[in-house]
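S.K.: Residues are numbered in my numbering as their position in the sequence shown, beginning at 1, plus a constant of 61.
Note that the Cβ used here is the ideal one computed from N, Cα and C, for glycine as well.
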Amino acid sequence: MELKGQIKAIMPLKETATFKSIEVIITTDFDTKYPQHISCKLTQGRCDLINGLNVGDLVSAEFNLRGKEWNGDQGVKYFNSIEIFKLTKN
Numbered sequence: 062m063e064l065k066g067q068i069k070a071i072m073p074l075k076e077t078a079t080f081k082s083i084e085v086i087i088t089t090d091f092d093t094k095y096p097q098h099i100s101c102k103l104t105q106g107r108c109d110l111i112n113g114l115n116v117g118d119l120v121s122a123e124f125n126l127r128g129k130e131w132n133g134d135q136g137v138k139y140f141n142s143i144e145i146f147k148l149t150k151n
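Written out as C-alpha cells, the structure is:
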C-alpha cells in the first residue's frame, strides 16, 4: 500500500535493548478543509529511512498494515499499525 503526503511531525526515537521505532505523522489532503493526520511507524533498521527528511517535506510511503489481538483484564482488544518499509521524498 502507498501513502502520499506531507510530514507533519517526527517523534523522538524510542529504543529498548532489543527494539527501536520512530513515529512519523504524515498529513494527507493537507490542502483541503479536512486534512488527515496519519500515524505511521518506522521500526528497527528502517528507522534510518527518516534520515535527510524534515517536517514539511512531501513524501511517498510504502507500508504494511498490521493488526494485533491483545487479551487483558478488560477483555480482548484489537490494535492496528502502519509500518513503513520504504519512504522517499517527492
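Closer than 6 Å by C-beta to Asn141: which residues in its own chain qualify, once you throw out the five before and the five after it? Chain order, please.
M.R.: Here residue 141 corresponds to residue number 80 of the sequence shown, with the count starting at 1. Same-chain partners within the cutoff: Gly128.
S.K.: For Ile145, would you say it is in contact with chain B, using Cβ-to-Cβ distances shorter than 8 Å as the test?
M.R.: Absent from the structure is chain B; it holds one protein chain and no more.
S.K.: Cβ atoms of Ile68 and Asp118: under 8 Å apart, would you say?
M.R.: Within the sequence shown, the letter at position 57 stands for residue 118. Within the sequence shown, the letter at position 7 stands for residue 68. A contact, by the Cβ cut-off of 8 Å.
S.K.: Taking the DSSP output, what are the residues bridged to Ile87?
M.R.: Taking the first residue of the sequence shown as position 1, residue 87 is located at position 26. Ile68, Ile99.
S.K.: Among Met62, Met72, Asp90, Thr149, which has the Cα closest to the Cα of Gly113?
M.R.: Looking up residue 113 in the sequence shown gives position 52. Answer by Cα proximity: Thr149.
S.K.: Ignore the nearest five residues each way along the sequence and tell me which others in Val137's own chain have a CB closer than 8 Å to its CB.
M.R.: Residue numbering aside, residue 137 sits at position 76 when the sequence shown is read from its first letter. Taken in chain order, the residues that qualify are Glu130, Trp131.
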